[in-house]
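Numbering-wise, our numbering comes out as the position in the sequence shown, counting from 1, plus 261.
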Amino acid sequence: MAYRKLGRTNKHRKSMLSNLTRDVIMNEKIETTETRAKEVRKFVDKMISYGKDGSLVARRKALAFFHNDNEVVKKVFEVLAPRYQNRNGGYTRILKLSERRGDDALVVILELVEEDR
């Protein structure tokens, strides 16, 4: 599987992606650069899929990814999984804002899609 290195070491990148994924799940919206958002959406989708699975193995995988943060895993399994039960992927959307002034990086909003059904 190809992935972006994002100019970070392996440990720093994994930690950053875990933290950004946590922020998306807890706040349901974050503002970040486009490249980070595209990378983080993969992990958000994977965590919600784990929540929809609901098995003990899936819960343990989610706990390992979030460094044993029970609050986030509880929200994934008890709030988000039922919300997206009838949806097969595509739980996030990226809305482009503007270029950042300092380095001209494209800033976007990564948010969870609202389920109105």
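We put the beta carbon where it would ideally sit given N, CA and C, even for glycine. None of these values were measured; they are calculated from a predicted model.
inquiry  = For V368, tell me which candidate among L281, R297, N271, R274 has the shortest Cα-Cα distance.
reply    = R297
ask   = Would a C-beta distance cut-off of 8 Å place V333 and Y311 closer than the cut-off?
value = no
query = So, is M308 buried or exposed, given that buried needs 16 or more other C-beta atoms within 10 angstroms?
reply = buried
query = Quick one: is R378 buried, meaning 16 or more other Cβ sit within 10 Å of its Cβ, or exposed?
reply = Any reading at R378 needs caution, since the residue's pLDDT is 48, under 50, leaving its predicted position unreliable; the model's value is listed next. By the 10 Å Cβ count, R378 comes out exposed.
inquiry  = So I286 and V305 are supposed to be a Cβ contact under 8 Å. How far apart are they, rounded?
reply    = 7 Å
query = E372 lies in the beta strand (DSSP E); which residues open and close that run?
reply = 367-373
query = Rounded to a whole number of angstroms, what is the C-alpha to C-alpha distance between A319 and A342?
reply = 12 Å
query = Which residues mark the beginning and the end of the beta strand (DSSP E) in which T294 is found?
reply = 290-294
task = With DSSP as the reference, please indicate the residues paired to L356 in a beta bridge.
result = I370
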